[in-house]
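What follows is a short report on a single structure.
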Amino acid sequence: MSTSVATLYVVATPIGNLADLSPRAQEVLRSVAAICAEDTRHTGQLLSHFGISKPLVALHDHNEEAMAQRVVSRLLAGESLAVVSDAGTPLVSDPGFRLVRAARAAGVKVSPIPGACAAIAALSVAGLPSDRFVFEGFLPAKSSARRERLQRLAGETGTLVFYESSHRIAESLADMGGAFGNERPAVIARELTKLFETVLDGTLEQLLARVLADDNQRKGEFVVMVQGAGDDEEAKIAEGRRLYTKLNEHLPPSTAAKLAAELSGAPRKALYGF
Numbered sequence: 001m002s003t004s005v006a007t008l009y010v011v012a013t014p015i016g017n018l019a020d021l022s023p024r025a026q027e028v029l030r031s032v033a034a035i036c037a038e039d040t041r042h043t044g045q046l047l048s049h050f051g052i053s054k055p056l057v058a059l060h061d062h063n064e065e066a067m068a069q070r071v072v073s074r075l076l077a078g079e080s081l082a083v084v085s086d087a088g089t090p091l092v093s094d095p096g097f098r099l100v101r102a103a104r105a106a107g108v109k110v111s112p113i114p115g116a117c118a119a120i121a122a123l124s125v126a127g128l129p130s131d132r133f134v135f136e137g138f139l140p141a142k143s144s145a146r147r148e149r150l151q152r153l154a155g156e157t158g159t160l161v162f163y164e165s166s167h168r169i170a171e172s173l174a175d176m177g178g179a180f181g182n183e184r185p186a187v188i189a190r191e192l193t194k195l196f197e198t199v200l201d202g203t204l205e206q207l208l209a210r211v212l213a214d215d216n217q218r219k220g221e222f223v224v225m226v227q228g229a230g231d232d233e234e235a236k237i238a239e240g241r242r243l244y245t246k247l248n249e250h251l252p253p254s255t256a257a258k259l260a261a262e263l264s265g266a267p268r269k270a271l272y273g274f
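The opening residue of the sequence shown carries number 1 in the UniProt record's numbering; numbering runs sequentially from there.
Next up, the structure:
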């Protein structure tokens with residue numbers, strides 16, 4: 001593969017099964033001068049598996065701003081480089097966008113080497129509407145901020161896609177039920193492409209019960225997908241309840257409900273006691 005024109009390659013790596021690293025990705029990783037990696041130890045193990053030996057440059061959330069210009073300087077000097085994350089497609093809830101932005105601003109060619117992405121892989125097997133979806137990545141760790149974010153999404157009509165960790169999966173499912181309604185259809189994809197891969201579907205209430213009943217379903221890495229608000233009326237009610245929750249912090253319940261109903265178009269009676 002020719003690297004006569006310096007290029008920054010954005011290379012997707014496996015999310016579990018190492019066989020998912022494409023031949024083209026392997027060829028690019030062998031051809032570049034160095035590889036920018038989120039965790040050099042993790043990437044070193046991946047490269048070793050494929051017999052690839054290349055210098056590694058640490059590029060993560062804590063140093064990306066400072067490192068971006070150094071990497072761009074190498075690109076401008078004629079070196080082609082690659083950027084990878086620990087798993088999946090870089091920049092998707094992973095570091096890399098500052099480097100890509102800096103490279104593009106400097107006129108450097110940036111080329112994708114596509115491959116695995118947990119969000120897309122999960123959506124492809126979920127059986128939920130996929131013509132429109134909203135990728136939210138990781139929710140806030142603090143419960144109050146997480147609930148506020150979910151309330152803002154309650155009226156979204158596209159399928160919602162989240163990443164979640166093992167130690168917060170149960171709490172997040174409970175908060176989703178509170179924001180979207182326990183009967184909202186959802187799917188949990190866990191440990192995709194790995195030995196203990198599972199894909200569970202049901203209502204948010206049913207999924208929470210299954211996760212709480214089985215310790216194994218609280219281990220690993222999760223993609224949670226929630227069907228969007230079904231119609232205009234449901235979306236209005238979801239928005240009305242979000243507004244009511246905020247207004248009720250400062251106003252009497254009757255006044256809060258009246259204003260929320262006027263602003264959202266939802267029936268006033270639907271905003272009480274939810």
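Backbone N, C-alpha and C define an ideal beta-carbon position, used for all residues, glycine too.
Bear in mind the structure is a predicted one, so any value in this text is a computation, not a measurement.
Rounded straight-line distance, which links the Cα of residue j to that of residue i
| i | j | result |
| --- | --- | --- |
| Glu234 | Gly155 | 7 Å |
| Leu192 | Pro252 | 47 Å |
| Arg70 | Ser166 | 36 Å |
| Asp175 | Leu59 | 33 Å |
| Glu38 | Gly88 | 12 Å |
| Ala116 | Ala257 | 46 Å |
| Ile35 | Ala102 | 17 Å |
| Glu164 | Ser53 | 33 Å |
| Gln206 | Ala68 | 45 Å |
| Leu46 | Pro23 | 14 Å |
| Ala19 | Glu27 | 14 Å |
| Glu262 | Glu65 | 45 Å |
| Gly16 | Pro90 | 15 Å |
| Ala260 | Ala209 | 32 Å |
| Glu148 | Gly220 | 26 Å |
| His42 | Thr159 | 32 Å |
| Leu153 | Asp201 | 20 Å |
Bridge-paired residues (DSSP) for residue i
| i | result |
| --- | --- |
| Ala174 | Looking at the DSSP assignment, Ala174 forms no beta bridge with any residue, so it has no partner. |
| Cys117 | Partner(s): none; Cys117 has no beta bridge. |
| Met225 | Val161 and Val187 |
| Val83 | Val10 and Cys36 |
| Val199 | Ala189 |
Cutoff 7 Å; reference residue i; Cβ partners in own chain excluding five residues on either side
| i | result |
| --- | --- |
| Ala119 | Val92, Phe135, Val161 and Val223 |
| Arg218 | Ser166, Ile169, Ala170 and Val211 |
| Arg104 | Val110 |
Residue i and residue j closer than 8 Å at C-beta
| i | j | result |
| --- | --- | --- |
| Ala238 | Val187 | no |
| Gln151 | Arg242 | yes |
| Ser85 | Leu139 | no |
| Ala25 | Leu75 | no |
| Gly44 | Leu29 | no |
| Val32 | Ile113 | no |
| Lys236 | Ser264 | yes |
| Val100 | Val72 | no |
| Leu81 | Leu8 | yes |
| Ser270 | Gly228 | What sits at residue 270 in the sequence shown is Ala, not Ser. Cβ distance not < 8 Å, so Ala270 and Gly228 don't count as in contact. |
Buried or exposed (CB count within 10 angstroms, at least 16 for buried), residue i
| i | result |
| --- | --- |
| Met1 | Legend: pLDDT at Met1 = 45, less than 50; position of this residue unreliable, value from coordinates given subsequently. Exposed is the call here. |
| Leu195 | exposed |
| Gly96 | buried |
| Thr13 | buried |
| Phe180 | buried |
| Pro185 | buried |
| Gly78 | exposed |
| Phe133 | buried |
| Gly177 | buried |
Chain C within 8 Å of residue i, Cβ atoms only
| i | result |
| --- | --- |
| Lys54 | The displayed structure is made up of one protein chain only, and chain C is not part of it. |
Other residues of its chain near residue i: CB distance less than 6 Å, five sequence neighbours each side excluded
| i | result |
| --- | --- |
| Ala189 | Ala122, Val199 and Val223 |
| Lys248 | One detail in the question is off: residue 248 reads as Asn in this sequence, not Lys. Same-chain partners within the cutoff: Ala256. |
| Arg146 | Leu139, Pro140 and Asp175 |
| Asp94 | Ser85 |
Cβ-based neighbour list, residue i, same chain, cut-off 8 Å, excluding 5 preceding and 5 following
| i | result |
| --- | --- |
| Arg98 | Glu64, Glu65 and Ala68 |
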